[in-house]
Amino acid sequence: MPAASLRDALPALLGGLHGDERNVLLTLARMWHTPITGKFIAKDAAATRAIPHLPAPMKEVLAYARENYLGRAKDKRENRLLDGRQTASHLHQQVIALLIRYEEPHLSST
């Protein structure tokens, strides 16, 4: 998927965060991985690859989202990924930074 397509999908994705934290976070983790390899991987695999690169509190949030996705954690309303916004914001910034890096060679050649 071209970098521009990933970048263009971000606003709608982030707009759907409330109430769908798990899927938004896992999709952002996958979007972080895709520009590097050019391949899509499963959401849980993307989370597994992203977790080591996150600050400690965000690691727990993404790990919880992954475990919930895999059916190994209950999605209780009171556990609704309270730190989901911060984690989503961090993942969003990582995706943007990566997309900028991958787009720069194309921008300089035009």
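Per the working numbering, numbering through the sequence shown is continuous, rising by one, with the last residue being 593. Cβ atoms here follow ideal geometry from the backbone N, Cα and C, with glycine treated the same way.
{"Asked": "CB-CB length for R549 against A530, believed under 8 Å", "Found": "4 Å"}
{"Asked": "Whole-number beta carbon distance between H573 and L537, since they are thought to touch under 8 Å", "Found": "7 Å"}
{"Asked": "Boundaries of the alpha helix (DSSP H) in which K557 is found, first to last residue", "Found": "Element bounds for K557: n/a, residue is neither H nor E."}
{"Asked": "Cα-Cα separation, L497 to A556", "Found": "23 Å"}
{"Asked": "Own chain partners of I524 with C-beta closer than 7 Å, once the 5 adjacent residues on each side are dropped", "Found": "R513 and H516"}
{"Asked": "Through-space distance from L545 to V507, alpha-carbon basis", "Found": "10 Å"}
{"Asked": "H501 in three-state terms, based on DSSP", "Found": "coil"}
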